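Visitor: So that we are looking at the same thing, I have put the structure below in structure tokens.
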Amino acid sequence: MGAMSTRLKIGWAVITVVVLVYALFPVSSILATSFKLPSELNSGTFLPQHWTWTNYNQILGPNGTARDLFVPALRNSIGISLIATAIAAVLATLAAYAIARLDFPGKRLILTTALGVSIFPVISIVTPLFNLWRNIGLYDTWLGLIIPYLSLTLPISIWTLAAFFRQIPWELEQAAQVDGATTWQAFRKAIVPLAAPGVFTTALIAFFIAWNDFVYGISLTSTSRARPVPAALAFFTGASQFEEPTGAISAAAVIVTIPVVILVLLFQRQIVSGLTQGAVKG
Amino acid sequence: MSAIELKDVVKRYPDGFLAVRGVSLDIADGEFVILVGPSGCGKSTLLRMIVGLEDITDGELTIGGTRMNERAPRDRHLAMVFQNYALYPHLTVFENIAFPLRLTKGQFTEAQIREKVTTAATTLELQDHLERKPANLSGGQRQRVAMGRAIVRDAQAFLFDEPLSNLDAKLRGQMRTEIARMQRRMGTTTVYVTHDQTEAMTLGDRVAVLRKGELQQVASPRALYEHPVNLFVAGFIGSPPMNFVPGEVTADALRLPFADVPLTDALRQRLGSRQIVIIGIRPEQFEDHAVAQRHGQTGGVPFSATVDVTEWLGSDLLGYVPFETRPEVRGKLEELDRDLDGEGVRTQLVVALDPNSRVRDGDEARLWFDPEKILVFDPESGENLSYDEGAAQEIDEQNERDRKASLARAHAREAKSTAAA
Chain A
0 MGAMSTRLKI
10 GWAVITVVVL
20 VYALFPVSSI
30 LATSFKLPSE
40 LNSGTFLPQH
50 WTWTNYNQIL
60 GPNGTARDLF
70 VPALRNSIGI
80 SLIATAIAAV
90 LATLAAYAIA
100 RLDFPGKRLI
110 LTTALGVSIF
120 PVISIVTPLF
130 NLWRNIGLYD
140 TWLGLIIPYL
150 SLTLPISIWT
160 LAAFFRQIPW
170 ELEQAAQVDG
180 ATTWQAFRKA
190 IVPLAAPGVF
200 TTALIAFFIA
210 WNDFVYGISL
220 TSTSRARPVP
230 AALAFFTGAS
240 QFEEPTGAIS
250 AAAVIVTIPV
260 VILVLLFQRQ
270 IVSGLTQGAV
280 KG
Chain B
0 MSAIELKDVV
10 KRYPDGFLAV
20 RGVSLDIADG
30 EFVILVGPSG
40 CGKSTLLRMI
50 VGLEDITDGE
60 LTIGGTRMNE
70 RAPRDRHLAM
80 VFQNYALYPH
90 LTVFENIAFP
100 LRLTKGQFTE
110 AQIREKVTTA
120 ATTLELQDHL
130 ERKPANLSGG
140 QRQRVAMGRA
150 IVRDAQAFLF
160 DEPLSNLDAK
170 LRGQMRTEIA
180 RMQRRMGTTT
190 VYVTHDQTEA
200 MTLGDRVAVL
210 RKGELQQVAS
220 PRALYEHPVN
230 LFVAGFIGSP
240 PMNFVPGEVT
250 ADALRLPFAD
260 VPLTDALRQR
270 LGSRQIVIIG
280 IRPEQFEDHA
290 VAQRHGQTGG
300 VPFSATVDVT
310 EWLGSDLLGY
320 VPFETRPEVR
330 GKLEELDRDL
340 DGEGVRTQLV
350 VALDPNSRVR
360 DGDEARLWFD
370 PEKILVFDPE
380 SGENLSYDEG
390 AAQEIDEQNE
400 RDRKASLARA
410 HAREAKSTAA
420 A
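Residue numbers (numbering that gives the first Met the number 0), protein chains in the order written: chain A, 0 to 281; chain B, 0 to 420.
Printed below as a string of structure tokens:
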């Protein structure tokens, strides 16, 4: 790779700027809107004329009108997503390991079924699930959301992790076994440390899937017992019927974006590629 | 340290492929045995069956007198060095070497582990790299870490699976010597798999040559070289490889494409009623006729041949002499070439001449060879008709005596250095 020519550099710069604007404009628009007064919402300017915390006060403040809607929803979202992610990560790690390493009948069937489940449109499952959940008492509970979230996160986790495990040289495990490890020790001491970056990445993807879900969230809940944030936003109302709740919704949207950004920044360091380098001749 | 015994060991893969067809091999305590053969001959499979990474379909494996067929790898107490080293990339060199010790759970204290690892690392000159990760090491260093992991615990035997094939030529030579030295000093039973016949010849007390899952011959390197049992072993052992030419039996001579060899009575007896045989001549049995005369070598067969290409190597001058083979033996020789992973480009004679020889490319040269040492093979079965079992056995016995003597010397030296320290 030689030095890039000036024209090429300019070209890349332009493309980068276009992509950045395209990706970040909606976010910055919401951020700006969240600081606007309700009366300024239709002012037509991008930036608020008067910066204000009113909207945040409304959803988080002790006297906020939307507080009872938002705070429990935030708690539900965090709890449900984390539990679903943890379960998905553990199950997917074991399943993917089995698929990548062991030879057992029905291996292909499991993979195809997983793929089938993940491509099934959520909206077509949600109505029967709604009836079933009401009958067996899972409606409007955390578990009632965690289970469908697993059906979304597990297939993709298994597929990504299986691909990841296949890249880890099998000799490492065999070497561990010859060195005196049991199958489980070989897995835990030689494979898991190497698979950690892959598991982190997969867990992150699983978390986002659960965190961003709307259809299950709104259909399988009815109260703040289990309703997650994306669903709760739909129940926001303005201070009066003539006022749009846009400001409060924007503020809530900004708040739910923060954990995602933090997670990405945090795990970015964990997702180091090339950790397997040195295991085999490099 | 233990003897390893294989009895009619068979490996059949689930798809029906027979990788190892009834191999029986006794490896004595402290012996260095090489499994060698071209790719796909089943040598690695055999090694992996010994260590327990492959199931044994049929037959019996005993280590130190105990049947091991059903034992898990961890219960066989063997140490193995893998072709790609299989170091744990997330652990430092120290922890890589300490790994087998840590798995024993409480058998060693932290101080003992530290001491053992340090000793192993010092033996392999790794003491400066103990805190580094494998990714930051050179190929040779990684190789030594893998060996350190093997020697740190008192394994019953060492198993090597083509450990040097990922190193460059110079390093390979150094590590080869290092492995030989280490094995002599520790006196641990060692099984070493390689496809490289030089490694096999230089390292092994005994060499087992495999072809398509079948054991061809187990003997000392010298016995293999001088008394191969068949065409395959003869062609595999030696570099540059042995020349095979058709030989037509006439009333009083054996007619080769380039010369006639007078028939002795002993030779005639072995030939039986065969009209065509395959003759094997090692490149170094040839000489420039002028040089041979100067050295006073008499009694050989002089002949003229067109030397196509020459390669001057400093210690030798290799000459290539193309010749036309006979249709009766072409099939067999082509099959042999395929077995030996050859390309079957052309039939040519390789002659190793004295480096002072004046023979050059394209010369019509006067060459000479010693008919005493030629080997005669059956063109159908490939069997060595001139095989002398007594002589081969004698070489093997001599080799065994030498091995024991050198082992004893190594132990004495070790004892002395320990006493001094």
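Positions of the beta carbon are idealized from the N, C-alpha and C atoms, including for glycine. All figures in this text were calculated on a predicted structure; none of them were measured in a lab.
Specify, as a first and last residue, the run of the beta strand (DSSP E) that Asn242/B falls within.
Guide: Along the second sequence, read from residue 1 onward, the residue named residue 242/B stands at position 243. Counting along the chain, the beta strand (DSSP E) containing Asn242/B begins and ends at 242 to 248.
Visitor: Considering only residues of the same chain and omitting the five flanking positions on each side of Val121/A, which have a CB-CB separation below 6 Å?
Guide: The residue you call residue 121/A lines up with position 122 of the first sequence. Correct list, in chain order: Val214.
Visitor: Can you check which of these residues, Ala351/B, Gln196/B, Val32/B, is closest to Ile280/B by C-alpha distance?
Guide: Residue 280/B sits at position 281 when you count from the first residue of the second sequence. Cα-wise, what sits closest to Ile280/B is Ala351/B.
Visitor: Counting only beta-carbon atoms, is Gly63/A nearer than 9 Å to chain B?
Guide: Residue mapping note: residue 63/A aligns to position 64 of the first sequence, counting from 1. No, Gly63/A does not count as interfacial toward chain B.
Visitor: Along chain B, which residues have their Cβ under 7 Å away from the Cβ of Gly179/A?
Guide: Against the first sequence, residue 179/A aligns to sequence position 180. Result: Arg73, Pro99, Leu102, Thr103.
Visitor: Going by CA-CA distance only, name the one from Ala419/B, Gly295/B, Asp204/B, Glu283/B that's closest to Gln397/B.
Guide: Working through the second sequence from its first residue, we reach residue 397/B at position 398. It is Asp204/B.
Visitor: Taking the C-alpha atoms as reference points, what is the distance between Val92/B and Ala120/B?
Guide: For the purposes of this step, residue 92/B is taken as the residue at position 93 of the second sequence. For the purposes of this step, residue 120/B is taken as the residue at position 121 of the second sequence. Spanning the two alpha carbons is a distance of roughly 9 Å.
Visitor: In whole angstroms, what separates the C-alpha of Leu158/B from that of Thr118/B?
Guide: The sequence position of residue 158/B within the second sequence is 159, counting from 1. The sequence position of residue 118/B within the second sequence is 119, counting from 1. Near 21 Å, if we compare the C-alpha coordinates of Thr118/B and Leu158/B.
Visitor: Would Pro104/A pass as an interface residue toward chain B - the criterion being a Cβ-Cβ separation below 9 Å?
Guide: Looking up residue 104/A in the first sequence gives position 105. So no, Pro104/A is outside the interface.
Visitor: Do we get a CB-CB distance below 9 Å when we pair Ala99/A with the residues of chain B?
Guide: The count along the first sequence starts at 1 and reaches residue 99/A at position 100. Chain B, which has no Cβ nearer than 9 Å to the Cβ of Ala99/A, makes this no.
Visitor: Taking 9 Å as the cut-off, decide whether the C-beta atoms of Phe302/B and Phe243/B are in contact.
Guide: Taking the second sequence and counting its residues from 1, one reaches residue 302/B at position 303. Taking the second sequence and counting its residues from 1, one reaches residue 243/B at position 244. No, Cβ-Cβ distance for Phe302/B and Phe243/B is not below 9 Å.
Visitor: State yes or no: is the beta carbon of Gln422/B nearer than 9 Å to at least one beta carbon in chain A?
Guide: Absent from the model: residue 422/B. The displayed extent of chain B is 0 to 420, so no value can be given.
Visitor: Measuring alpha carbon to alpha carbon, tell me which of Val248/B, Asp387/B, Ala71/B, Val22/B ends up nearest Arg11/B.
Guide: In the second sequence, the residue the question calls residue 11/B occupies position 12. Checked all of Val248/B, Asp387/B, Ala71/B, Val22/B; the closest Cα to Arg11/B is Val22/B.
Visitor: Between the C-alpha atoms of Ile217/A and Val255/A, what's the straight-line distance to the nearest angstrom?
Guide: Within the first sequence, numbered from 1, the residue matching residue 217/A stands at position 218. Within the first sequence, numbered from 1, the residue matching residue 255/A stands at position 256. Rounded to the nearest whole angstrom, the CA to CA distance from Ile217/A to Val255/A is 17 Å.
Visitor: So with Cβ pairs under 9 Å, would you call Leu193/A a contact of chain B?
Guide: The count along the first sequence starts at 1 and reaches residue 193/A at position 194. Answer yes: the Cβ-Cβ gap between Leu193/A and chain B drops below 9 Å somewhere.
Visitor: Classify Met3/A as helix, strand or coil using the three-state DSSP reduction.
Guide: Numbered from its first residue, the first sequence carries residue 3/A at position 4. Met3/A falls in the coil class under three-state DSSP.
Visitor: Short check: CB of Lys25/B to CB of Glu59/B, under 9 Å?
Guide: Along the second sequence, one-based indexing puts residue 25/B at 26. Along the second sequence, one-based indexing puts residue 59/B at 60. Per the sequence shown, the amino acid found at residue 25/B is Asp instead of Lys. Not closer than 9 Å, so no.
Visitor: Taking Arg359/B as part of the beta strand (DSSP E), name the residues at either end of that continuous run.
Guide: Locating residue 359/B in the second sequence gives position 360, counting from the first residue. No beta strand (DSSP E) holds Arg359/B; DSSP gives it neither H nor E.
Visitor: Of all the alpha helix (DSSP H) runs that stay within the bounds of the stretch 98 to 169 of chain B, which reach a length of 4 or more residues?
Guide: 109 to 122, 138 to 150
Visitor: Near Leu102/B, which residues of its chain fall below 6 Å by C-beta distance, leaving aside the five closest residues on each side in sequence?
Guide: The residue given as residue 102/B occupies position 103 in the second sequence. Correct list: empty, nothing qualifies.
Visitor: By alpha-carbon positions, which one of Lys403/B, Thr193/B, Asp395/B, Ala110/B ends up nearest to Leu34/B?
Guide: The sequence position of residue 34/B within the second sequence is 35, counting from 1. Checking every option, the nearest Cα to that of Leu34/B belongs to Thr193/B.
Visitor: Can you tell me which of Thr187/B, Val208/B, Thr189/B puts its alpha carbon nearest to the alpha carbon of Gln196/B?
Guide: In the second sequence, the residue the question calls residue 196/B occupies position 197. Looking at the Cα atoms, Val208/B is the closest of the given residues.
Visitor: Mark Asn95/B as exposed unless 16 or more other C-beta atoms lie within 10 angstroms of its C-beta, in which case mark it buried.
Guide: Numbered from its first residue, the second sequence carries residue 95/B at position 96. With 16 or more other Cβ atoms within 10 Å, it is buried.
Visitor: How is Glu59/B classed by DSSP in three states: helix, strand or coil?
Guide: As a first step, residue 59/B is located in the second sequence; it is residue number 60 there, counting from the start. DSSP places Glu59/B in strand when its eight states are reduced to three.
Visitor: Report yes or no: do three or more beta-carbon pairs, one from the stretch 148 to 161 of chain A and one from the stretch 87 to 106 of chain A, lie closer than 8 Å?
Guide: Yes, the stretch 148 to 161 of chain A touches the stretch 87 to 106 of chain A.
Visitor: In this structure, how does DSSP classify Leu86/B when only helix, strand and coil are distinguished?
Guide: Translated into positions along the second sequence, residue 86/B becomes position 87. DSSP places Leu86/B in coil when its eight states are reduced to three.
Visitor: Of the residues Ile29/A, Asn54/A, Leu73/A, Tyr148/A, which one's Cα is nearest the Cα of Thr84/A?
Guide: Within the first sequence, numbered from 1, the residue matching residue 84/A stands at position 85. Selected option, being the one with the closest Cα: Tyr148/A.
Visitor: In terms of alpha-carbon separation, which member of Ser356/B, Ala407/B, Thr249/B lies closest to Arg365/B?
Guide: As a first step, residue 365/B is located in the second sequence; it is residue number 366 there, counting from the start. Ranking Ser356/B, Ala407/B, Thr249/B by Cα distance to Arg365/B puts Ser356/B first.
Visitor: Can you list, in chain order, the residues of its chain with a C-beta nearer than 6 Å to that of Leu335/B? Leave out the 5 residues immediately preceding and following it.
Guide: By one-based count along the second sequence, residue 335/B stands at place 336. Result list for Leu335/B: Leu230, Gly234, in chain order.
Visitor: State yes or no: is the beta carbon of Val176/A nearer than 9 Å to at least one beta carbon in chain B?
Guide: Translated into positions along the first sequence, residue 176/A becomes position 177. Looking at the sequence provided, one finds Gln at residue 176/A rather than Val. Answer yes: the Cβ-Cβ gap between Gln176/A and chain B drops below 9 Å somewhere.
Visitor: Does the CB of Val50/B have a neighbour CB from chain A at under 9 Å?
Guide: Reading the second sequence from its first residue, position 51 is the one you call residue 50/B. With 9 Å as the cut-off, Val50/B counts as an interface residue toward chain A.
Visitor: Distance check for Asp54/B and Asp14/B, CA to CA, integer angstroms please.
Guide: Locating residue 14/B in the second sequence gives position 15, where the first residue counts as 1. Locating residue 54/B in the second sequence gives position 55, where the first residue counts as 1. Their Cα atoms are separated by approximately 14 Å.
Visitor: Applying the 10 Å Cβ sphere with the 16-neighbour rule, what's the burial state of Ser42/A?
Guide: As a first step, residue 42/A must be located in the first sequence, where it is residue number 43. Burial call: exposed.
Visitor: Starting from Met200/B, follow the alpha helix (DSSP H) in both directions and report where the run begins and ends.
Guide: As a working mapping, residue 200/B is identified with position 201 in the second sequence. It spans 196 to 202 - the alpha helix (DSSP H) in which Met200/B sits, taken as one unbroken run.
Visitor: Using 8 Å for Cβ pairs, my map puts Asp251/B next to Ser38/B. What's the rounded Cβ distance?
Guide: Looking up residue 251/B in the second sequence gives position 252. Looking up residue 38/B in the second sequence gives position 39. Going by Cβ atoms, the distance from Asp251/B to Ser38/B rounds to 44 Å, so no, they are not a contact pair.
Visitor: Taking the DSSP output, what are the residues bridged to Thr302/A?
Guide: Chain A is shown from 0 up to 281; residue 302/A falls before or after that span and cannot be answered.
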